[in-house]
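Accompanying notes for the structure given below.
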Amino acid sequence: MSPSPDPAALGAYVDAAAPLLGLAIAPDWHEGVVAHLSAILAAGARFDGFALPDEAEAAPVFEAAP
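Going by the working numbering, the residue at position 38 of the sequence shown is 99; the numbering climbs one at a time, nothing skipped.
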């Protein structure tokens, strides 16, 4: 996915997905929701493009380092 998706396309996505998810988005919040979704997609694209080595394994339990 492109790090900078088309705001109009994201707006259409928000309009279509919100009712399916049972979300009521006030009209004055719509622009902010689209902006935050765009930021989340851009952040996710950075992780999506990071290749993990084959020997990387998921930890079965998260343990914080002391």
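The C-beta atom is built at its ideal place from N, Cα and C for all residues, glycine as well. Model, not experiment: these values are computed from the prediction.
Rounded to the nearest angstrom, the Cβ distance from residue 71 to residue 98 is 5 Å, consistent with a contact under 8 Å. C-alpha of residue 101 to C-alpha of residue 110: approximately 14 Å in a straight line. If you check the CB distance, residue 86 and residue 79 come in under 9 Å. In this structure, DSSP gives residue 108 a helical state, which the three-state scheme calls helix.
Between residue 68 and residue 95, the CB-CB gap stays under 9 Å.
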